Amino acid sequence: MTEALAAGMPNDIDLVRGMSEREDRGLMALSVPEAVTDALAVSLLEACGLGQSARRFAGLIRSCAFVVDRNGEWRLSDDAKTYLQPLCFQAKELWFEVNSILFDLAKSAGARDESLPTYLRDPAGRAYHLAAIDPEAGTATYSDLAVAAEFDGDQSTTWLANRLARDQQQLGVLPNESTALDFLNAMSLYSDGARSAAIEGLRPVAAAKGASMPIAVACHLVGRWDGDRRSDVDYRIAVKMLRRSIRIGEQLGNALHVAQAQHSLALILLINDREQKHQEAHALLDKSLQTLLREHDSFGAAKVLHTYGQSLGRSSRASDWRQAQGMMLQSLRIGEALGKRRHETLVMRSLADLLDKTNSNLAGTVHVLADRMGSRDMR
Numbered sequence: 004m005t006e007a008l009a010a011g012m013p014n015d016i017d018l019v020r021g022m023s024e025r026e027d028r029g030l031m032a033l034s035v036p037e038a039v040t041d042a043l044a045v046s047l048l049e050a051c052g053l054g055q056s057a058r059r060f061a062g063l064i065r066s067c068a069f070v071v072d073r074n075g076e077w078r079l080s081d082d083a084k085t086y087l088q089p090l091c092f093q094a095k096e097l098w099f100e101v102n103s104i105l106f107d108l109a110k111s112a113g114a115r116d117e118s119l120p121t122y123l124r125d126p127a128g129r130a131y132h133l134a135a136i137d138p139e140a141g142t143a144t145y146s147d148l149a150v151a152a153e154f155d156g157d158q159s160t161t162w163l164a165n166r167l168a169r170d171q172q173q174l175g176v177l178p179n180e181s182t183a184l185d186f187l188n189a190m191s192l193y194s195d196g197a198r199s200a201a202i203e204g205l206r207p208v209a210a211a212k213g214a215s216m217p218i219a220v221a222c223h224l225v226g227r228w229d230g231d232r233r234s235d236v237d238y239r240i241a242v243k244m245l246r247r248s249i250r251i252g253e254q255l256g257n258a259l260h261v262a263q264a265q266h267s268l269a270l271i272l273l274i275n276d277r278e279q280k281h282q283e284a285h286a287l288l289d290k291s292l293q294t295l296l297r298e299h300d301s302f303g304a305a306k307v308l309h310t311y312g313q314s315l316g317r318s319s320r321a322s323d324w325r326q327a328q329g330m331m332l333q334s335l336r337i338g339e340a341l342g343k344r345r346h347e348t349l350v351m352r353s354l355a356d357l358l359d360k361t362n363s364n365l366a367g368t369v370h371v372l373a374d375r376m377g378s379r380d381m382r
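Count along the sequence shown from 1, then add 3; that gives the number in my numbering.
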């Protein structure tokens with residue numbers, strides 16, 4: 004083993020003392036991926052020049068105490084990675100070569116390609132290795148994954164992307180101060196249900212100058228949050244935030260974001276009801292619904308139909324009640340088709356309240372059904 008690799012080595016790596024320089028490089032290479040399969044480990048070791056001994060060396064490393072096995076994949080322990088990764092990062096040629104191989108594999112990976120570790124089949128894995136060879140492009144990709152979390156982004160992808168990005172910041176691959184990565188961290192919290200902490204993380208992004216999707220998303224989520232606080236100050240700030248979010252979305256041509264933000268703004272106008280903004284709110288809901296249907300966002304459309312139906316149901320006109328009932332039934336059918344059980348329950352409760360208002364004989368039955376659905380959702 005070379006002196007550079009041996010110096011300061013954790014005790015549990017003592018087993019591999021006496022390696023050749025090629026094996027040193029191979030061990031450093033194995034510290035780069037988040038996890039490996041046997042096939043991937045051998046492939047990386049072959050790229051480091053181990054040739055026919057790559058398979059034997061991979062087996063030796065896998066048997067060491069500093070390797071963690073899980074679900075047919077394995078990785079170096081955190082202590083081993085913390086020690087070895089900086090050495091690999093300093094060996095620029097090796098760092099670039101290994102990350103380029105892994106990025107190319109991630110780009111071509113199929114969701115069921117079991118020869119590759121799970122993380123390489125996730126968009127977060129692609130962002131991770133892209134950031135290692137092109138920090139600016141990788142940061143942009145991380146940011147794109149965070150933007151997706153505004154709608155139906157995969158919670159596990161957002162969480163993994165955030166953890167990998169934080170690891171790269173600690174290593175020095177990515178800068179410690181980055182609005183895009185702060186946005187990713189906040190959206191990871193948001194996806195995980197830690198909404199209050201997420202909003203505080205999003206506020207600086209929402210206040211940033213410029214026009215980007217992270218800023219648009221931050222304005223949307225902060226505006227929606229503040230609009231629910233029900234104070235005069237929060238209401239005014241929320242409306243301003245949501246209008247800015249819509250403008251940025253329109254400027255960037257992101258129709259789906261615009262539709263979502265229009266729905267949120269309409270909700271805030273209807274809930275607060277301080278400025279008699281119902282006409283504007285309904286116009287926003289019309290635009291949002293048209294876009295969501297055109298973009299084939301069925302669940303988004305179902306939520307808008309529910310909001311619209313609730314608003315019309317508060318009217319004093321029987322014609323509005325009939326229209327409200329039709330919208331709620333349509334929303335209910337979409338939710339049922341998509342298996343959105345909580346949405347079904349919410350719409351059923353709204354429908355029961357509407358039927359109470361119209362003195363329908365069905366009101367009692369619908370209330371009972373809504374209660375049963377609510378109990379089902381709690382199981």
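Even glycine gets a Cβ: it sits at the ideal position worked out from N, Cα and C. Nothing here was measured: the structure is a model prediction, and the numbers come from that model.
Can you give me the C-alpha to C-alpha distance between G75 and D116, rounded to a whole angstrom?
Put simply, the backbone Cα of G75 is about 13 Å away from that of D116.
Euclidean distance between Cα positions of L268 and V236:
So the alpha carbons of these two residues sit roughly 16 Å apart.
Helix, strand or coil for V101, going by three-state DSSP, please let me know.
Residue state, collapsed to three classes: helix.
Under three-state DSSP, which class holds E253?
Residue state, collapsed to three classes: helix.
Let's test the definition: count the other Cβ atoms within 10 Å of the Cβ of R320 and tell me whether it reaches 16, buried, or not, exposed.
Exposed is the call here.
Coarse secondary structure for R73, derived from DSSP in three states
Strand, per DSSP.
Can you grab the Cα-Cα spacing for the pair R73 / L79, in whole Å?
Between R73 and L79, the C-alpha separation is close to 11 Å.
According to DSSP, which residues form a beta bridge with M79?
It should be noted that the sequence gives Leu, not Met, for residue 79. Answer by DSSP bridge pairing, in chain order: V70.
Unbroken stretches of the alpha helix (DSSP H), 4 residues or longer, contained in the segment 139–220
158–174, 182–194, 198–209, all fully within the segment 139–220.
So, with DSSP's three-state summary, where would you put V39?
V39 carries a strand assignment under DSSP once its states are collapsed to helix, strand and coil.
Could you name the residues of the same chain whose beta carbon sits closer than 7 Å to that of N165, not counting the 5 residues immediately before and after it, in chain order?
Only L187, N188, S191 meet the Cβ criterion.
Where do the ends of the alpha helix (DSSP H) carrying V321 lie?
Going by the sequence as given, residue 321 is Ala instead of Val. Its alpha helix (DSSP H) spans residues 321–341.
Under 8 Å by Cβ, that's how I've got N405 and Y238 pegged, so tell me the actual separation to the nearest angstrom.
Shown here, the chain extends from 4 to 382; a query on residue 405 therefore has no answer.
Quick check on DSSP: helix, strand or coil for Q263?
Assigned with DSSP and collapsed to three states, Q263 falls in helix.
From R297, A112, D107, pick the residue whose C-alpha is nearest to that of A135; which is it?
Nearest of R297, A112, D107 to A135, Cα basis: D107.
So, for E6: in the same chain, excluding its five sequence neighbours on each side, which residues have a beta-carbon less than 8 Å away from its beta-carbon?
Caution applies to E6, whose pLDDT of 48 falls short of 50 and renders its modelled position unreliable; the value that the coordinates give is listed next. Leaving aside the five residues that flank E6 on each side, none in its chain has a CB nearer than 8 Å to its CB.
Is the Cβ-Cβ distance between E153 and V220 less than 8 Å?
E153 is a Cβ neighbour of V220, given a cutoff of 8 Å.
From what residue to what residue does the alpha helix (DSSP H) around M351 run?
That run of the alpha helix (DSSP H) goes 344–360.
Here's the rule: buried if 16 or more other CB atoms are within 10 angstroms of the residue's CB, otherwise exposed. What is S418?
The displayed coordinates of the chain run from 4 to 382. Any statement about residue 418 would go beyond what the structure contains.
Counting beta carbon pairs with one atom in the segment 240–247 and one in the segment 283–300, are three or more of them shorter than 8 Å?
Counting C-beta pairs closer than 8 Å gives fewer than three between the segment 283–300 and the segment 240–247, which falls short of the contact rule.
I'd like the list of long-range same chain contacts for M381, defined as Cβ closer than 7 Å, with 5 residues on each side in sequence excluded.
Unreliable placement is indicated for M381, whose pLDDT of 48 sits below 50; no coordinate value is reported for it.
Q293, enclosing alpha helix (DSSP H) - first and last residue:
Q293 -> alpha helix (DSSP H) spans 281–297.
Can you list, in chain order, the residues of its chain with a C-beta nearer than 7 Å to that of P126? Leave out the 5 residues immediately preceding and following it.
Only L148, T160 meet the Cβ criterion.
G303 classed as buried or exposed, judged by whether at least 16 other C-beta atoms fall within 10 angstroms:
Its Cβ being crowded by 16 or more others within 10 Å, G303 is buried.
I need the boundaries of the alpha helix (DSSP H) containing Y131, first residue and last residue.
126–136 is the span of the alpha helix (DSSP H), which, as asked, contains Y131.
DSSP-derived helix/strand/coil call for R58:
Of the three classes helix, strand and coil, the one that applies to R58 here is helix, per DSSP.
When you compare the segment 203–221 with the segment 165–176, are there three or more beta-carbon pairs, one atom per stretch, that lie closer than 8 Å?
Flag = no, the segment 203–221 and the segment 165–176 do not touch.
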